[in-house]
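Colleague: In the numbering used here, the protein residues as written are 15 to 130.
1. Have a look at 92, 19, 69, 94 and flag the residue whose alpha-carbon is nearest the alpha-carbon of residue 110.
2. With DSSP as the reference, identify every bridge partner of residue 53, one or two as the case may be.
3. Is residue 82 near residue 100, with beta carbons less than 8 Å apart?
4. Out of 72, 71, 94, 29, state which residue places its alpha-carbon closest to the alpha-carbon of residue 80.
5. Does the separation of the CB atoms of residue 116 and residue 75 fall below 8 Å?
6. Here's the rule I'm using: 16 or more other beta-carbon atoms within 10 Å means buried, otherwise exposed. How should residue 73 be labelled?
7. Where does residue 45 land, buried or exposed, given buried means 16+ other C-beta within 10 angstroms?
8. Rounded to whole angstroms, what's the CA-CA distance from residue 28 to residue 66? Just pull it up for me.
9. I need the boundaries of the alpha helix (DSSP H) containing residue 99, first residue and last residue.
This is the structure in structure tokens:
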């Protein structure tokens, strides 16, 4: 599938998707083929790619000790004001991303809600 086809299907800007796919290629999650019949393909089976791998390819490493407010490391000794209430939730989010394969999202369509 080409980036252009993905952009059209998802209604996302082609330029934005090109940058995302560059990150995915550099992380060996996607392979890119140039030329008239080129496009992008998964480098591995979707069952073998976790959502965490995809997120980390685009935004960088996810670490439960990273501060939500951007203050660097948060731990039990040095923490920001929201560290304690958010710590368990953040660890759960990382766990879910780790345990969820890309294949679980394939075939899902976004459903538009009707205006009331």
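Cβ coordinates follow ideal geometry from the N, Cα and C atoms, glycine included.
Modeller: For this structure:
1. Of the listed residues, the one whose Cα sits closest to residue 110 is 69.
2. Answer is 47.
3. Contact: yes.
4. Considering only 72, 71, 94, 29, the residue with the shortest C-alpha distance to residue 80 is 94.
5. With respect to residue 75, residue 116 sits apart: the two C-beta atoms are not nearer than 8 Å.
6. Classification for residue 73: exposed.
7. Under this definition residue 45 is an exposed residue.
8. Spanning the two alpha carbons is a distance of roughly 23 Å.
9. For residue 99, the uninterrupted alpha helix (DSSP H) segment begins and ends at 97-113.
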